[in-house]
Each structure stands twice: as structure tokens, then as C-alpha cells.
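Notes to accompany the following structure.
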Amino acid sequence: MEHMSEKHIKDILMIIENKIIHYLLLIIISFNLINCSTMEPEFKVLGEVAVLQDIKINLEIIRQAKYPNNESTIVTLYNKGKKYNPEIEKATAYNIYFSYKEQSVGILKFENVMQWANDYINHLYVSKENDAIYMQYIGRKSEIDKKKGFKSMPAIPLKDFYIKNNIVTDEKKEDQKEKFFKFYNTSPIRYTKIK
49 MEHMSEKHIK
59 DILMIIENKI
69 IHYLLLIIIS
79 FNLINCSTME
89 PEFKVLGEVA
99 VLQDIKINLE
109 IIRQAKYPNN
119 ESTIVTLYNK
129 GKKYNPEIEK
139 ATAYNIYFSY
149 KEQSVGILKF
159 ENVMQWANDY
169 INHLYVSKEN
179 DAIYMQYIGR
189 KSEIDKKKGF
199 KSMPAIPLKD
209 FYIKNNIVTD
219 EKKEDQKEKF
229 FKFYNTSPIR
239 YTKIK
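Mapping to our numbering: the sequence shown position 5 is 53, numbers consecutive.
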């Protein structure tokens, strides 16, 4: 009789141990799913190698902080053939500052409306058409073949960019110039409140 009760106790302990392991696995899986859902897909930069060798892409990430405030940061995404992979969470909008051969510049701005799509991606296509450089963002796999997405105006010389956008003060010119040409570290990402 004593031997059976010992076996019975071992069986109960085995059941309890299995349940604890089961619950721990559920907690770990739930935690991973929560973390994965806030991370943005990696940005892929695509285009002709000859063009990409002379491209620099700085990405301004905008996200909502405590309502009604937003915060932003800028990271270098691509620099003359080298790709960087910043870890981006909960972006609400992007401003893409790109430069070609450190002579012509362009901006592509868009809200992160694709984040709720079941085939969400972050693809940037750099193209050269009639000697002009363009940037296009495609945010869904289903729209790659149709080339459906947001497309920039052609890149123009920095001096012309200032005129076109009515940037006249030296301070604003320098700020804008940095967004196109400066190298921004991708780690750690630090956000600042937008004024």
C-alpha cells in the first residue's frame, strides 16, 4: 500500500510539472508575439547596383508619444552600397531623405498606413529615369508587381531644393543639409519630442 501511494505521488508531481512547463511556454510565446507585433518589418533597398553605389538614405521615423505629442528620430538606412538595419517600433509616419552622388536630393514623406495589412513590407525602390533619381515605397507584397506605392518627385540639386521649399535662413539650410548628407547612427535609437 505504501508503494502505491509513492507511485501515485510521483504521477501527481509529473502532472504538475507538465502543467507548469505548459504555462511557461504559453507565457514565452505570448511575450514573443507581443514583441513581434510592435516591430516594423526591415526596410529593403532595391535598385540598380550602379545607382545604389551613389545613394544615401536617411530615414526619419515619427511615432506617437503621449497624446497629442509625436516624437521622431533619424537613422541612416543606406549609405553608398551599405545597408543598415535599425529596429523600428510603432512608426506612424516616415520621411525619407535621399541624396545621389552628394549632388541631388529628394524627400519622400508618407504615413505608415500599410502597417495593418496582412502582407506588410517595407520596400524602397531607387530608380533612374531620364537621368533623374526617384524613390518609391511599396508597403504590401501584393503591390510589388503593380509597382503601387508612394513615389517621390525627381531628385534636384540642393540649391534648387532650398528655392523650391522656400528655405532661406542659414540655420534651416544647415538643418536640411544634414538630413540629406549626415550619417546618423542606427543604434541606439533615441527619439525627441516634435515641437
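Ideal placement from N, C-alpha and C gives every residue a C-beta, glycine not left out.
Residue interval of the alpha helix (DSSP H) (run including Ile211): Taken as a continuous stretch (DSSP letters only), the alpha helix (DSSP H) holding Ile211 covers 206 to 212.
Proximity below 9 angstroms, CB of Ala113 to CB of Tyr210: Judged by beta-carbon spacing, Tyr210 lies beyond the 9 angstroms limit of Ala113, meaning their Cβ atoms are not closer than that value.
If we ignore side chains and look at the alpha-carbon of each, how far apart do Glu150 and His70 end up? It is roughly 56 angstroms from the alpha-carbon of Glu150 to the alpha-carbon of His70.
Under 7 angstroms Cβ to Cβ from Glu119, same chain only, skipping five residues before and after it: list those, please. Correct list, in chain order: Arg111, Ala113, Tyr239, Thr240, Lys241, Ile242.
Is there a Cβ from chain D that is less than 9 angstroms from the Cβ of Ser175? Here there is only one protein chain, and chain D is not present.
Among the residues of its own chain, which have a CB less than 6 angstroms from the CB of Asn133, if the five just before and after it don't count? Within the same chain, and ignoring the five residues on either side of Asn133 in sequence, the residues whose Cβ sits closer than 6 angstroms to its Cβ are Glu90.
Just verifying my parser: in three-state terms, what is the DSSP assignment at Gln184? Gln184: strand per DSSP, three-state reduction.
Hey, how far is the Cα of Tyr182 from the Cα of Gly197? Those two C-alpha atoms are separated by around 13 angstroms.
Assuming Tyr232 and Ile105 make a contact with CB atoms under 8 angstroms, what is their CB distance in whole Å? The pair is not a contact, with the Cβ atoms about 11 angstroms apart (cut-off 8 angstroms).
If you pair each beta-carbon of the segment 213 to 229 with each one of the segment 180 to 194, do three or more pairs fall below 8 angstroms? No: fewer than three Cβ pairs fall under 8 angstroms.
Below 9 angstroms between beta carbons: does that hold for Met87 and Ile136? With a cutoff of 9 angstroms on beta-carbon distance, Met87 and Ile136 are scored as near each other.
Could you give the first and the last residue of the continuous alpha helix (DSSP H) run that contains Gln224? It spans 218 to 229 - the alpha helix (DSSP H) in which Gln224 sits, taken as one unbroken run.
Buried or exposed: which applies to Asn160, given that a residue is buried once 16 or more other Cβ atoms fall within 10 Å of its Cβ? Buried, since its Cβ has 16 or more Cβ neighbours within 10 Å.
Neighbourhood of Phe158 by C-beta distance below 8 angstroms, restricted to the same chain and skipping five residues each side: Contacts found: Ala141, Tyr142, Tyr185, Phe198.
Using three-state DSSP, classify Ile110 as helix, strand or coil. In this structure, Ile110 counts as strand in the three-state DSSP scheme.
Judging by CA-CA distance, which residue of Ile60, Glu177, Ile68 is the nearest neighbour of Val99? Ranking the options by Cα distance to Val99, first place goes to Glu177.
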